[in-house]
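Q: The sequence shown lines up with residues 658 to 907 when you count with the numbering used here.
Every residue, glycine too, gets a C-beta built ideally from N, C-alpha and C.
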Amino acid sequence: MSGDIIRPSSVGGEAVRMRAVDKFFGEGDARTHVLKTTDFDAPLGGLVMLVGPSGCGKTTLLSVLAGTLNADGGEVTVFGERIDRMKAGALTRFRALNIGFIFQQFNLIPTLTAGENVSIPLLIQGKSNAVALKRAKEVLERVGLGHKANERPSKLSGGQQQRVAIARALVHEPRLVICDEPTSALDRENGVLVMQLLRDVAASADRTVIIVTHDSRIYSYADRMAEMEDGRVFRTLNSPDEIAAEHRGH
Ligand SMILES: Nc1ncnc2c1ncn2[C@@H]1O[C@H](COP(=O)(O)OP(=O)(O)O)[C@@H](O)[C@H]1O
Ligand SMILES: [Mg+2]
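(1) Do Q761 and ligand 2 come close, with the Cβ less than 7 Å from some heavy atom?
(2) What are the boundary residues of the beta strand (DSSP E) that includes D696?
(3) Please classify G627: does DSSP put it in a helix, a strand, or coil?
(4) Which residue wins for smallest C-alpha separation from D696, given the options T734, E684 and F682?
(5) In three-state DSSP terms, what is S667?
(6) Tell me which same chain residues have a C-beta within less than 6 Å of the C-beta of V858, skipping the five on either side of it?
(7) Runs of 3 residues minimum, wholly inside the stretch 774-821: which ones carry the beta strand (DSSP E) assignment?
(8) Closer than 7 Å: is that where the CB of F751 sits relative to any heavy atom of ligand 1?
(9) Classify A883 as helix, strand or coil using the three-state DSSP reduction.
(10) Smallest Cα separation from F758: which of L827, L894, G803 and L748?
(11) Determine, using beta carbons only, whether V708 and L692 come nearer to each other than 8 Å.
(12) Under three-state DSSP, which class holds R845?
(13) Work out the CA separation of H690 and D698 for me, nearest whole Å.
(14) Using C-beta distances below 7 Å, list every residue in its chain close to Q761, excluding the 5 sequence neighbours before and after it, in chain order.
(15) Return the residue from the list Q782, I740 and A822 that minimises the CA-CA distance to V800.
(16) Evaluate I875 with the Cβ neighbour count: other Cβ atoms within 10 Å of its Cβ, from every protein chain shown; 16 or more gives buried, anything less gives exposed.
(17) Does the beta-carbon of T840 have 16 or more other beta-carbons within 10 angstroms, so that it is buried, or is it exposed?
(18) At the level of alpha carbons, what is the spacing between G888 and A787?
(19) Relative to the C-alpha of E886, which candidate in A771, R845, T694 and G816 has its C-alpha closest?
(20) Would a C-beta distance cut-off of 8 Å place L779 and H829 closer than the cut-off?
Structure representation (structure tokens):
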């Protein structure tokens, strides 16, 4: 489901650099090593896909680079800042300004309308209700949901909720957009719509999109692909040609 793909004219510099990152869950006998001294990079101005089997640690890796989960070892640098060393308040501000996160479970607030959900990142940045809601409606238009701005999430299908979550991650134009399975609930047409939006973001020389996916229909949108297994990134494919060669027929 590719179509015309606009890629950034120059991919250069780093948005994300993870080095030797470890993450454990649980205690004692139940302690499991989920990220196993792994590296991961994403360039400025590019769209990176992170792929691998269920349970290999993809969501955990995204959470560590978004700063919502602390690493137990290693270095996590986002736009030149060591976020693993930031104090909680500074990290919260850094995230609110720079990162948009599309969660696997959407995480919409059930008591708020679609428009109000999408306006949250702007309210956190101190924009007025009126300004935030107007901008939220514009972004909802772009994901084909302008007419649903006043509905609550329970009135929307899974695919519509997913698009609201995507609008919320983009509304404040963060430099880093992180998406956990953004097309999992979408049909072909809406999958193309969402991927074109995410490609537009990645076409800016200073913005980066990182997508965890199982959906081989969207592999052709990637500039780079990191392949993960058992807690580590074991290979990175550095161009669309390399990705196509390794994942032909998918
Ligand atoms: N909060 C948690 N507590 C304990 N174990 C967890 C937690 N989150 C994830 N895990 C475990 O870590 C492993 C990796 O999970 P996850 O990062 O969600 O994988 P993926 O996104 O690739 O499917 C899995 O074995 C999962 O059960
Ligand atoms: Mg996951």
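A: Quick look at the numbers:
(1) yes
(2) T689 to P700
(3) Outside the shown range of the chain (658 to 907) lies residue 627, about which nothing can therefore be said.
(4) T734
(5) Reliability fails at S667, whose pLDDT of 47 lies under 50, so the model's placement of it is uncertain and the value that follows must be treated cautiously. In this structure, S667 counts as coil in the three-state DSSP scheme.
(6) V834, R864 and V866
(7) none
(8) no
(9) strand
(10) L827
(11) no
(12) helix
(13) 21 Å
(14) T716, D837 and E838
(15) A822
(16) buried
(17) buried
(18) 44 Å
(19) T694
(20) yes
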